[in-house]
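Residue numbers (my numbering): 39 to 458. The beta carbon of each residue, even a glycine, is placed where N, CA and C say it ideally should be. Remarks on the structure that follows.
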Ligand code: EPZ
């Protein structure tokens, strides 16, 4: 297994190019199931989760290529509708094939994703919505067995909780359903917005894009013709590197990011004393020697993203004062805390609220990544810790960050990937 070795006291300078968004790419790869032509998507990040989902589609019979940052998928030859446990267990977002397979073929079997490190992460809202659209759903032997022999029909779906992949699943199911579907309390993440825009450009009538209320007129199982498109930038990768600039007190630029997708993150960095220079293609963080403590509550978009929570816990160890960070979306998303404490961080946990006392000098240590975003928090801490930090189990990191150590090396970080 690989690990990352980081020597502390880094000062960074230069520009990091942001890759395409993993969480936009995944639903759009699943969306290819709804199409009759080859789907061409540009700016797809080279991360493990993308490769996993492409492998799943390949197992169903789709043909695909992934060269440079372009994915081309021909899903016209899909012959199977079973997403097996061996793949789904490695990546819960595989559940995104449920809606499209059911909408197109009228039946499918998708392994239950099971929980994951950050929480139980049920899919009850996905299943309840599909049943309202006419699906017969059974859970058998760890699989969701779904049937809709007459095809799916439009319905009014009210999501009791905002669910990103739940919204994406139902948008895709509704695109091929018969009649109109209203989705109330829809997720408004930019990744969901791009899915809607691509479907709209393929001729699906969608109203309310980027709002919490969507109206989708289905094509009644008429497959879609999708024009080539470019995946939006990864706002969480972008936020992570802006935190790298802030935590190392470096004037660091990121390119190809979309500042409009980062408003809540930029606002919190400004509250901590950072400033920004934003041009058409770059965002530059102007750091401060005197980081201020911050209060954060994670929310659905456009609120502060849960996927940036771990990175800000690491950053808050360098603020002069007491920061309070509350995790509202997942029940177990503070596993980075114990690893940061081993580096000397002063953090107390009370339920889903972390209290971070800074400014604390961190010391390098062997630490273990536990989930995707916790991994990046440990890298950020390693950049400023005294001495050597080794971040182990970075297969978690490789799920969602494209070439992280190369990008950080390019701006002067002392970081390298080694074999255990
Ligand atoms: C998406 O996960 C993202 N993944 C996650 O990013 C992100 O953390 C999360 O949204 C929240 O923003 C992808 O887009 C592939 P949810 P998702 O359904 O869709 C509860 C990363 O770091 N819920 O919005 O699985 C659930 O338990 C990953 O890239 C139900 O109760 O999250 C959670 O508390 C990690 N029943 C809340 O809703 C359901 O049927 C939000 O979950 C579905 C969800």
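- Beyond the five residues adjoining it in sequence on each side, residue 109 comes within less than 6 Å, by CB distance, of 79 and 82 in the same chain, given in chain order.
- Counting the other CB atoms within 10 Å of its CB gives residue 213 a total of 16 or more, which places it among the buried residues.
- Residue state for residue 447 is assigned as helix, using DSSP reduced to three classes.
- For the set 157, 314, 261 and 47, the Cα lying nearest the Cα of residue 69 is the one of 261.
- Assignment of residue 90 by DSSP, reduced to helix, strand and coil, places it in the helix class.
- Residue pairing by DSSP places residue 253 opposite 220 and 245 in a beta bridge.
- Closer than 7 Å to some heavy atom of the ligand EPZ: that describes the Cβ of residue 164.
- The closest CA to that of residue 195, considering only 211, 185, 147 and 187, is found on 211.
- For residue 428, the enclosing beta strand (DSSP E) starts and ends at 426-430.
- Looking only at 198, 240 and 422, the smallest Cα-Cα distance to residue 223 is reached by 198.
- Within the same chain, Cβ atoms closer than 6 Å to the Cβ of residue 293 are found at 53, 55, 319 and 320, the five residues on either side in sequence being excluded.
- Beta-carbon to beta-carbon, residue 399 and residue 429 are separated by about 19 Å, too far to satisfy the 8 Å threshold.
- Below 8 Å, enough C-beta pairs join the stretch 322-338 and the stretch 360-371 to call them touching: three or more.
- Counting along the chain, no alpha helix (DSSP H) covers residue 195; the unbroken beta strand (DSSP E) around it starts and ends at 194-196.
- Remark: the C-beta of residue 204 is in contact range of the ligand EPZ, defined as less than 7 Å to any heavy atom.
- Closest by C-alpha distance to residue 111, out of 217, 67, 297 and 296, is 67.
- Comparing alpha-carbon positions, the option among 395, 358, 369 and 405 lying closest to residue 381 turns out to be 405.
- Beta-bridge analysis with DSSP links residue 384 to 395.
- At the C-beta level, residue 157 and residue 371 come within 8 Å of one another.
- Secondary structure of residue 140 (DSSP, three-state): helix.
- Each of 139, 189, 107 and 127 was checked against the Cα of residue 120, and the nearest Cα belongs to 139.
- If you check the CB distance, residue 346 and residue 303 come in under 8 Å.
- The alpha helix (DSSP H) runs lying completely inside the stretch 103-165 and spanning 4 residues or more are 123-126 and 136-143, given in chain order.
- Going by DSSP, residue 202 is part of the alpha helix (DSSP H) stretching over 202-214.
- Here DSSP, grouped into helix, strand and coil, assigns residue 346 to helix.
- Where residue 183 is concerned, the enclosing beta strand (DSSP E) starts and stops at 181-185.
- By the Cβ neighbour-count rule, residue 174 is exposed, with fewer than 16 other Cβ atoms within 10 Å of its own.
- Assignment of residue 43 by DSSP, reduced to helix, strand and coil, places it in the strand class.
- Closest in alpha carbon position to residue 231, among 454, 328, 450 and 65, is 65.
- Residue 228 is not bridged by DSSP to any residue.
- Counting the other CB atoms within 10 Å of its CB gives residue 316 a total below 16, which places it among the exposed residues.
- Proximity of the beta carbon of residue 137 to the ligand EPZ is not indicated: no heavy atom of the ligand is located closer than 7 Å.
- DSSP places residue 455 in the uninterrupted beta strand (DSSP E) bounded by 453-457.
- Placement of the Cβ of residue 258 at a distance of 7 Å or more from every heavy atom of the ligand EPZ is found.
- Of the other Cβ atoms in all chains shown, 16 or more fall within 10 Å of the Cβ of residue 273; this residue is therefore buried.
- Looking at the backbone, the Cα of residue 301 and that of residue 295 are separated by about 12 Å.
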